[in-house]
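> The sequence shown lines up with residues 40 to 367 when you count with my numbering. All C-beta atoms, glycine included, are put in the ideal place defined by N, C-alpha and C. Sharing a structure, written as structure tokens. Questions coming.
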Amino acid sequence: MGLTYDASGVSIDRGNLFVQRIKAITGLNPNPNVVGGIGSFSGCYRLEGETLLAACCDGVGTKIEIARACGHLEFLGQDLVAMSVNDLVTCGARPLFFLDYIACGRLDVERFEPLLKSIQSACVESGCALLGGETAEMPGVYPPDGFDLAGFAVGVIHESALIDGKSIQSGDLIVGLASSGLHSNGFSLVRKALLEGEEARLFSTPEGCDEPLWKMLLAPTRLYVKSALHGAATGVVKGMAHITGGGLEENISRVLPEGRKLRIDYGSWSPGKIFSLIQEKGVPEEEMRRVFNLGIGYVFLVSAEDLEHLVASLEEIGEVPLLIGEIE
């Protein structure tokens, strides 16, 4: 069977089941201002007329444990912001502001300052304000050096510009943008596969690589806000997806109309060394595809006739868009 995410303590199936429970509970008392439903990358709320607020929240998972073990928290701020704003822009919303939540066993001001600077820098790059947050010191809940992070992003979009995937049809194409590596999911499996309880391995350089393992693992999640909004501005994008837990197929499926399926050509790009290092430890190909982004962190869905226009637009801002699949 090989090494799996479930065996490392994380169940994607349980997560999906919980989302279904959330949908059932929120459906008991529907709010007329809510546009769409639970399960999308972000939720939309009608503010006034056709002005919609979009909102989402996320964390960085057990990537925190890698940062804690090697003493480098300065990359986690970008991860935290990216995990929320990348979700937010999938509907075409422009980020307005971001809030952070830091929970820890002991508040070490010097230790957390680089993290805060990283959050601020990522907000600036994403065009949103770091509006506020909460810092909770909770001894007994967390060990002295333990902590967790959560982020919350809010954006705005005109309803007529909302990208919801409803027009996606058979023959439409999937265009991907490269990831910087693992981004911020799958780290419970990564730690089980690559570290096996020996954190000293973080400081070794894997064979065939030119940097230590910790740097490869902590590569910050890419911020796709500018590229996503630039692509959306072409007017030809039918859907967008941020590729996190669940991999390409499950995340793209979240924006497809009911009954539509997709086909990914996994041989059309090179995933990157970090993914082969993990797979070499006994993680099956099917599990790799279900857990990791495999080198593609964000996708656009577009008709075949509009492909050239979208690709040219993305190339104008320095992106290297890749045709990686189609809708069936």
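#1: Does the beta-carbon distance from residue 286 to residue 230 come in below 7 Å?
#2: When the distance is taken between beta carbons, is residue 322 closer than 7 Å to residue 392?
#3: Exposed or buried, what is residue 294 when buried is set at 16 or more other beta-carbons lying within 10 Å of its beta-carbon?
#4: Look at the alpha carbon of residue 309 and the alpha carbon of residue 71, and state the distance between them as a whole number of angstroms.
#5: Quick one: does residue 58 have its CB under 7 Å from some CB of chain B?
#6: Is the Cβ-Cβ distance between residue 162 and residue 120 less than 7 Å?
#7: Can you name, in chain order, every residue of its own chain whose Cβ lies under 6 Å from the Cβ of residue 253, other than the five neighbours on each side?
#8: On the premise that residue 276 lies in contact with residue 270, defined as a C-beta separation below 8 Å, what is that separation, rounded to the nearest angstrom?
#9: Can you check whether the CB of residue 113 is closer than 7 Å to the CB of residue 1?
#10: Report the three-state DSSP secondary structure of residue 129 (helix, strand or coil).
#11: Give, in chain order, every unbroken run of the alpha helix (DSSP H) that is at least 4 residues long and sits entirely within the stretch 315-340.
#12: Roughly how far, in whole angstroms, is the beta-carbon of residue 102 from the beta-carbon of residue 118, given that I think they are within contact range, below 8 Å?
#13: Between which two residues does the beta strand (DSSP E) holding residue 276 run?
#14: Identify which residue in 43, 168, 190, 272 has its Cα closest to the Cα of residue 174.
#15: Whole angstroms is fine: what's the gap from residue 166's alpha carbon to residue 131's?
#16: If you draw a straight line from the C-alpha of residue 279 to the C-alpha of residue 333, how long is it?
#17: With residue 184 as the anchor, note down where its alpha helix (DSSP H) starts and where it stops.
#18: Report buried or exposed for residue 227, applying the criterion of at least 16 other Cβ atoms within 10 angstroms of its Cβ.
#19: Between the stretch 192-211 and the stretch 244-252, do three or more beta carbon pairs fall short of 8 Å?
#20: In angstroms with no decimal places, state the Cα-to-Cα distance between residue 149 and residue 49.
#21: Leaving aside the five residues before and after residue 349 along the sequence, list all residues of the same chain whose C-beta is less than 8 Å from its C-beta, in chain order.
#22: Considering only their Cβ atoms, is the gap separating residue 80 from residue 368 smaller than 7 Å?
#23: Just to confirm, are residue 336 and residue 282 a CB contact at a threshold of 7 Å?
#24: Between 145, 264, 206, 303, which has its C-alpha nearest residue 178's C-alpha?
#25: Let's see if you can read the secondary structure: which residues bound the beta strand (DSSP E) around residue 215?
#26: Does the distance from the CB of residue 137 to the CB of residue 192 come in under 7 Å?
#27: Pull up the CB-CB distance for residue 367 and residue 300, whole angstroms please, since I reckon it's below 8 Å.
Answer, in terms of the structure:
#1: Residue mapping note: residue 286 aligns to position 247 of the sequence shown, counting from 1. Residue mapping note: residue 230 aligns to position 191 of the sequence shown, counting from 1. Not a contact, by the Cβ cut-off of 7 Å.
#2: Because the chain spans 40 through 367 in this model, residue 392 falls outside it and cannot be assessed.
#3: Residue numbering aside, residue 294 sits at position 255 when the sequence shown is read from its first letter. Label assigned to residue 294: buried.
#4: Translated into positions along the sequence shown, residue 309 becomes position 270. Translated into positions along the sequence shown, residue 71 becomes position 32. Computed Cα separation, rounded: 45 Å.
#5: The question asks about chain B, but that chain is absent: this structure has only one protein chain.
#6: On the sequence shown, position 123 is the one that residue 162 refers to. On the sequence shown, position 81 is the one that residue 120 refers to. For residue 162 and residue 120, yes; Cβs fall inside 7 Å.
#7: Translated into positions along the sequence shown, residue 253 becomes position 214. Correct list, in chain order: 109, 241.
#8: Locating residue 270 in the sequence shown gives position 231, where the first residue counts as 1. Locating residue 276 in the sequence shown gives position 237, where the first residue counts as 1. At roughly 5 Å, the Cβ-Cβ gap stays under 8 Å, so residue 270 and residue 276 are in contact.
#9: With the chain running from 40 to 367 in the structure shown, residue 1 is simply not present.
#10: As a working mapping, residue 129 is identified with position 90 in the sequence shown. In this structure, residue 129 counts as helix in the three-state DSSP scheme.
#11: 324-330
#12: What you label residue 102 is simply residue 63 of the sequence shown in a count that begins at 1. What you label residue 118 is simply residue 79 of the sequence shown in a count that begins at 1. The Cβ separation is near 6 Å, so the contact holds.
#13: For this step, residue 276 is matched to residue 237 along the sequence shown. Looking at the DSSP string, the run of the beta strand (DSSP E) that includes residue 276 is 276-281.
#14: Locating residue 174 in the sequence shown gives position 135, where the first residue counts as 1. Answer by Cα proximity: 190.
#15: In the sequence shown, the residue the question calls residue 166 occupies position 127. In the sequence shown, the residue the question calls residue 131 occupies position 92. Using only the alpha carbons, I get a separation of about 14 Å.
#16: Your numbering for residue 279 matches position 240 in the sequence shown. Your numbering for residue 333 matches position 294 in the sequence shown. Approximately 17 Å between the Cα atoms of the pair.
#17: Looking up residue 184 in the sequence shown gives position 145. Residue 184 -> no alpha helix (DSSP H), and no H or E assigned at all.
#18: Taking the first residue of the sequence shown as position 1, residue 227 is located at position 188. So residue 227 counts as buried.
#19: no
#20: Numbered from its first residue, the sequence shown carries residue 149 at position 110. Numbered from its first residue, the sequence shown carries residue 49 at position 10. Going from the Cα of residue 149 to the Cα of residue 49 covers about 32 Å.
#21: For the purposes of this step, residue 349 is identified with residue 310 of the sequence shown, where counting begins at 1. Taken in chain order, the residues that qualify are 214, 270, 273, 275, 276, 339, 341, 360.
#22: Beyond the ends of the chain as shown, which are 40 and 367, falls residue 368; an answer cannot be given.
#23: Position 297 of the sequence shown holds residue 336. Position 243 of the sequence shown holds residue 282. Result yes, Cβ atoms of residue 336 and residue 282 sit closer than 7 Å.
#24: In the sequence shown, residue 178 corresponds to position 139, counting from 1. Checking every option, the nearest Cα to that of residue 178 belongs to 145.
#25: Indexing the sequence shown from 1 puts residue 215 at position 176. Start and end: 212-217.
#26: By one-based count along the sequence shown, residue 137 stands at place 98. By one-based count along the sequence shown, residue 192 stands at place 153. Yes. Within cutoff.
#27: Stepping through the sequence shown from its first residue, residue 367 is reached at position 328. Stepping through the sequence shown from its first residue, residue 300 is reached at position 261. Confirmed, about 5 Å.
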